[in-house]
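Heads up, the sequence shown is in UniProt numbering, so the first residue is 7 and it goes up one at a time.
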Amino acid sequence: PTIYLKDYTPPSWLVEDVHLTFRLSPKATRVVSRVRFVPNAAVSDRSFFLEGEELSLIWARIDGQDVTPQVTGQGLTCDVPEGPFTWEAEVEISPATNTALEGLYMSNGMYSTQCEAQGFRKITYYPDRPDVMAPFTVRIESDLPVLLSNGNKGEAGDGFAEWHDPWPKPAYLFALVAGELVNLPGDFTTRSGNKVELNIWVRPGDEDKCDFALEALKKSMTWDEEVYGREYDLDIFNIVAVDDFNMGAMENKGLNIFNSSAVLANARTATDANFERIEAIIAHEYFHNWTGNRITCRDWFQLCLKEGLTVFRDAQFTADMRSEPVKRISDVLDLRGRQFREDGGPLAHPVRPESFQEINNFYTATVYEKGAEVIGMLKRLVGDDAYARALDLYFDRHDGQACTIEDWLKVFQDATGRDLSQFKRWYSQAGTPKVVMTEDWKGDQFSVTLKQVLPATPGQSDKKPQVIPFAIGLLDRTGQEVVPTTLLELVEEEQTFTFNGLQARPVASPLRGFSAPVILERETSKADQVFLLAHDTDPFNRWEAGRQLAKSALMEMIGNGAAPDADYLDALRQLVTDDTLDPAFRALCMGLPSEDDLAQSFADMGRTPDPQAIWDGREVMRAAMADVLSADLMPLYDRHLVRAPYRPDAEQSGKRSLTNALLSLITRRDGGAVAQGQFADAGNMTQQMGALSALLANDLGSLELASFAEQWAHERLVMDKWFMIQVAHARPDLAAQVADALTQRPDFAMTNPNRFRAVFGALAMNQAGFHHDSGAGYRLMADWLVKLDPVNPQTTARMCSAFQTWRRYDADRQGMIRDELLRISALKGLSRDTGEMVGRILGD
Ligand code: ARG
Ligand code: ZN
7 PTIYLKDYTP PSWLVEDVHL TFRLSPKATR VVSRVRFVPN AAVSDRSFFL
57 EGEELSLIWA RIDGQDVTPQ VTGQGLTCDV PEGPFTWEAE VEISPATNTA
107 LEGLYMSNGM YSTQCEAQGF RKITYYPDRP DVMAPFTVRI ESDLPVLLSN
157 GNKGEAGDGF AEWHDPWPKP AYLFALVAGE LVNLPGDFTT RSGNKVELNI
207 WVRPGDEDKC DFALEALKKS MTWDEEVYGR EYDLDIFNIV AVDDFNMGAM
257 ENKGLNIFNS SAVLANARTA TDANFERIEA IIAHEYFHNW TGNRITCRDW
307 FQLCLKEGLT VFRDAQFTAD MRSEPVKRIS DVLDLRGRQF REDGGPLAHP
357 VRPESFQEIN NFYTATVYEK GAEVIGMLKR LVGDDAYARA LDLYFDRHDG
407 QACTIEDWLK VFQDATGRDL SQFKRWYSQA GTPKVVMTED WKGDQFSVTL
457 KQVLPATPGQ SDKKPQVIPF AIGLLDRTGQ EVVPTTLLEL VEEEQTFTFN
507 GLQARPVASP LRGFSAPVIL ERETSKADQV FLLAHDTDPF NRWEAGRQLA
557 KSALMEMIGN GAAPDADYLD ALRQLVTDDT LDPAFRALCM GLPSEDDLAQ
607 SFADMGRTPD PQAIWDGREV MRAAMADVLS ADLMPLYDRH LVRAPYRPDA
657 EQSGKRSLTN ALLSLITRRD GGAVAQGQFA DAGNMTQQMG ALSALLANDL
707 GSLELASFAE QWAHERLVMD KWFMIQVAHA RPDLAAQVAD ALTQRPDFAM
757 TNPNRFRAVF GALAMNQAGF HHDSGAGYRL MADWLVKLDP VNPQTTARMC
807 SAFQTWRRYD ADRQGMIRDE LLRISALKGL SRDTGEMVGR ILGD
């Protein structure tokens, strides 16, 4: 059934408090609940419904009297008193056979939970909706040594532990962990002097991978106090690493549960990119304590209220800890790669969706990343001071509440006096706006005309103009800024903005810092782009100019058989060899637009993309880059190679990303000698992986691949990289075969989402391999989605998005993909998760 935002009704019953007792047993865990219900005075309807799925009800009582509820597969109803009453029930569940990794499940001998969004109903009967908030008391009975739940510690003794969480919370923030775990302890004293116990809990053997996470947690706690004035509010904060986990991590109150890949790291086993991601996810989950937990969502349509804001906050944190421009460029790369792709296809949906079948399918790039962009635009429009005032008001006014986007915008309206009714369209209109820019020069006047074009998306054909904050600067021919960054507000469909009193026609630097998540379309000369790449004072736009040049050059090569563009290559060489520039920035400039990005650009021009030709074109361009830089590669590499003891900070990691980028070009020319050397000498995973991927990308490295597997056979997270890198670098005609062979290894297990994604996520990313005209990529993917769906619907449904761009390809490929999608959708017992995704992708 489809659920609609417009059908929201408040709960009939509220919960005053909850007591849960768990008697843990792998296949027969008993959960006893005692819940105090009170009527919600705000509504007259008194019907009583508790969600519950896959539970065996043992008994139920109301105010101490046995009752016999009417039970269905979705929950139960029961006759209840008119006034407050106490509900008690006992259910039995089987964590050991729960492979969906939702509710209470077992992973490598430990018990763990994942309740967001609707997993608590697999633990006990309860009003499993975020607008029902209550304090929880939990008792865990088990012989396992470590027994954890939310809140502060209560009594504990032989075979049991109790926990009390005083802060009212919705059931999706409930968590329980039990196992043979070890901890890295720490502490933090809050600004007002409360001492908080911190722990990172891991399985024995992983103790040496916790330090970085603990430091990241402390930095996050300090940052949220300093920047948002938010302090932690319990005596203890626990983080647990779990190997089998569907997502990155979960912000359960006082007990964050993490995919081990999002927390465990040391220099030997994790790359710089892993460290950076871990720092960001630790921060993200910690920041949810205020934006998500203390203030939560009224219903799941409001998901972006907590996710968009928390992603925005973690991006600010990373920018502060590392480099702001590098973070912005990486985020825009990610936004274009995942969110624009989603927004441009059959899965497009508004930042605040209006309907869903399975909410797990809406933990998307649109809700998260576009949701964060919307907050960034709001901040730009009102200014930093007003943003700070609005946030203070938000925390003041809504602490302890379950809120909506309307509440959020009202806070800004009240704090700034600004009417945000038009801005609100960002939350309801799907699709990436296109902004067409034209320029005019007359006398001493430079004018810019902006026109917004809002594409039709599924279910939304007619759209109204949005508020587009458009940051622009103007440069003169010497590179001096004649007009510093200025914010234009595009609110009409088309508007002209004029700059007066200029000496000469300036060069425009538009959409600085990527001030709005839009596609900018403009006529511009190659000379201007080369100029901006060399001189723009806005680092984002400097990078963007290079990217546009690379893209046009590649499009000409792939589409029209042109040779690599000499002006672009020359400009790139200038930049890469400029040691005054941040190495991380130079490495980003050396990256080429992705295969998917190029495919979409062809589709936008009305041409059918040819995945093999795109792959070939990028190879030719890389070879040309290696040629142009031939004399510079080794000196640059030597100058920037990090030989000092490993630190995962921005400075060192920038140098390593530059040397790794250089190494992949060097390897094209030297037959692999330098990469083999780096592989042999590497004392850290960043350099080891950098060398291995340079080798594999050049059809070398089989010895290194084997020795890597031998060295790391007992490190699951490192072996995930080993699985991934082979599929990522497989030649297009071999990709499916390589992936298939990997799935036949004894250490491949589809029950572990990380391992499954290592192979199939990489296959989907290897565009020329996945879309190879044999259809082998499509077939293999569908075969495994069919196998995985009964085991783990959430991960299956996510992986279906590999097919979301299918309409851009030729009739043969479309036909093959349609057949695979139909094969999946015809499966008996197909999950609601996958059923919804396949249905939306097919467009029915
Ligand atoms: N709230 C978590 C986070 O963003 C993600 C939980 C995702 N859960 C899910 N069922 N999709 O940090
Ligand atoms: Zn989140």
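Glycine residues also receive a C-beta, built at the ideal position from the N, C-alpha and C atoms.
Note that the structure is predicted; figures quoted are calculated from it, not measured.
Per DSSP, reduced to three states, the secondary structure at GLY382 is helical. Here CYS409 is bridged, per DSSP, to CYS303.
Annotation note: the region 260-342 contains the following uninterrupted alpha helix (DSSP H) runs of length 4 or greater, listed N- to C-terminal: 278-293, 309-327, 330-340. Taken through DSSP and simplified to helix, strand or coil, VAL724 comes out as helix.
When the Cα atoms are used, ASP164 and VAL744 turn out to be separated by approximately 51 Å. For LEU399, the closest of VAL765, LEU493, LYS557, GLY235 by C-alpha to C-alpha distance is GLY235.
Taking 8 Å as the cut-off, the Cβ atoms of PRO439 and LEU460 count as close. Taking one beta carbon from each stretch, the region 586-593 and the region 656-670 have 3 or more pairs nearer than 8 Å; the two touch.
Note on geometry: alpha-carbon atoms of MET116 and ALA268 lie some 18 Å from one another. Straight-line spacing of the CA atoms in SER62 and VAL97 works out to 5 Å. Here the C-alpha atom of PRO133 lies approximately 10 Å from the C-alpha atom of SER18.
As DSSP reads the structure, ASN205 sits in a beta bridge with PRO191, ASN244. Those residues having their beta-carbon less than 6 Å away from any non-hydrogen atom of the ligand ARG are, in chain order, GLU122, ALA123, MET253, ALA255, MET256, GLU257, HIS290, GLU291, GLU313, ASN366, TYR369. Look at THR316: its beta carbon is less than 7 Å from one of the heavy atoms in the ligand ZN. It is roughly 6 Å from the alpha-carbon of HIS290 to the alpha-carbon of THR316. Taking 7 Å as the cut-off, the C-beta of HIS646 does not count as close to any heavy atom of the ligand ZN. Between the ligand ZN and the CB of HIS735, the shortest heavy atom gap is not smaller than 7 Å. Bridge pairing for ASN158: HIS170 [DSSP]. Comparing C-alpha distances from GLU826 to each of SER837, LEU786, TYR815 shows the shortest one belongs to LEU786.
As summarised for the UniProt domain "Aminopeptidase N-like N-terminal" (76-179), the continuous beta strand (DSSP E) elements at least 3 residues long and confined to that stretch are 81-83, 91-99, 109-113, 116-120, 140-147, 152-155, 158-163, 166-175, given in chain order. Secondary structure in the region 783-829: the alpha helix (DSSP H) runs of 4 residues or longer, each lying completely within the stretch, are 799-805 in chain order. Out of GLY479, VAL442, LEU538, the CA that lies nearest to the CA of GLU500 is found in VAL442. Judged by their CB atoms, ASN690 and TYR652 are nearer to each other than the 8 Å cut-off.
Non-local C-beta neighbours of ALA95 in its own chain, meaning closer than 6 Å and more than five positions away in sequence, comprise SER39, ALA66, TYR131, ordered along the chain. Per DSSP, reduced to three states, the secondary structure at SER53 is coil, with no helix or strand assignment. Within 10 angstroms of the beta-carbon of LEU20 lie 16 or more other beta-carbons, which makes it buried. Using a Cβ-Cβ distance cut-off of 8 Å, the region 223-239 and the region 134-153 are not in contact, since fewer than three pairs of beta carbons, one from each stretch, lie closer than that value.
With a cutoff of 8 Å on beta-carbon distance, GLU601 and ALA396 are scored as not near each other.
In terms of CA proximity to SER467, HIS355 leads the group HIS355, CYS121, ASP705, TYR369. With a cutoff of 7 Å, HIS25 does not count as near the ligand ZN, since its C-beta is closer than that to no heavy atom of the ligand.
Annotation: SER837 is outside any beta strand (DSSP E) and is labelled neither H nor E by DSSP. Closest option to ARG274, judged by alpha-carbon separation, among ARG751, VAL246, PHE714: PHE714. In the structure shown, THR665 adopts helical secondary structure according to DSSP, grouped into three states. Counting along the chain, GLY565 sits inside the alpha helix (DSSP H) bounded by residues 545-566. Spanning the alpha carbons of CYS84 and GLU57 requires a straight line of approximately 12 Å. Per DSSP, ASP23 is not a residue of any alpha helix (DSSP H); the beta strand (DSSP E) it occupies stretches across 19-29.
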